[in-house]
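Structure first, commentary second.
In mature numbering (1 follows the signal peptide of the UniProt record, and there is no 0), the protein residues as written are -19 to -1, 1 to 131.
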């Protein structure tokens, strides 16, 4: 009985560790390159210090989100209050926030991008904020944005 419990705890622990170790990109140029290479849209998470942690705690830190994000998107986190970011990066992140029409933080935008002749062009797919209901409901709504039914 103890052996079975230890095995179960090991598997559950590995799921939670995976959810904690998501590969969030913070450099938009790198994220665009990875997105284009993997042919996956970017999930751009706009946040700042002092904003609600519900989105992170109830959605991003779940095993369901870890599995879904690995298969569907390239994760990009743009912290608008990051003191370690240089001035040009801060300005770029604020311009992106405005360009995507982000009003309230935290918010997620889905987008594809391309770089041609040193000019970046974004194609916004949609955006979503935190909504109560858990990871599965949030993922279902995100899937409607990424794969609209026509």
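We put the beta carbon where it would ideally sit given N, CA and C, even for glycine.
Look at the alpha carbon of residue 81 and the alpha carbon of residue 118, and state the distance between them as a whole number of angstroms.
Your numbering for residue 81 matches position 100 in the chain shown. Your numbering for residue 118 matches position 137 in the chain shown. In a straight line, the C-alpha of residue 81 is about 23 Å away from that of residue 118.
Residues that DSSP places opposite residue 97 in a beta bridge:
Here residue 97 refers to the residue found at position 116 of the chain shown. Note: residue 97 sits in a beta bridge opposite 100.
Identify which residue in 32, 24, 4, 7 has its Cα closest to the Cα of residue 103.
Position 122 of the chain shown, counted from the first residue, corresponds to residue 103. Among 32, 24, 4, 7, the Cα nearest to that of residue 103 is on 24.
Can you tell me which of 122, 114, 99, 123 puts its alpha carbon nearest to the alpha carbon of residue 39?
Start at 1 with the first residue of the chain shown, and residue 39 comes out as number 58. Taking only the C-alpha atoms, the option nearest residue 39 is 114.
Report the residue from 98, 34, 109, 36 whose alpha carbon sits nearest the alpha carbon of residue 92.
Position 111 of the chain shown holds residue 92. Residue 92 has its Cα closest to that of 109, out of 98, 34, 109, 36.
Using DSSP bridges, identify the partner residues of residue 12.
Here residue 12 refers to the residue found at position 31 when the chain shown is read from its first residue. Answer by DSSP bridge pairing: none, since residue 12 is not bridged.
How big is the Cα-Cα spacing for residue -1 and residue 47?
In the chain shown, residue -1 corresponds to position 19, counting from 1. In the chain shown, residue 47 corresponds to position 66, counting from 1. Low local confidence applies: a pLDDT of 43 at residue -1 is under 50, so the model's placement there is unreliable, with the coordinate-based value given in what follows. Here the alpha carbon of residue -1 sits roughly 5 Å from the alpha carbon of residue 47.
Would you list, in sequence order, the uninterrupted alpha helix (DSSP H) runs of no fewer than 4 residues that lie entirely inside the stretch 14 to 71?
44 to 53
Using C-beta distances below 6 Å, list every residue in its chain close to residue 36, excluding the 5 sequence neighbours before and after it, in chain order.
Numbered from 1 along the chain shown, position 55 holds the residue referred to as residue 36. Excluding residues within five positions, the ones whose Cβ falls inside 6 Å are 87, 111.
Where the alpha helix (DSSP H) through residue 115 begins and ends:
The residue given as residue 115 occupies position 134 in the chain shown. Segment 115 to 127, the alpha helix (DSSP H) holding residue 115.
Where residue 80 falls: helix, strand or coil (DSSP)
Locating residue 80 in the chain shown gives position 99, where the first residue counts as 1. Residue 80 falls in the helix class under three-state DSSP.
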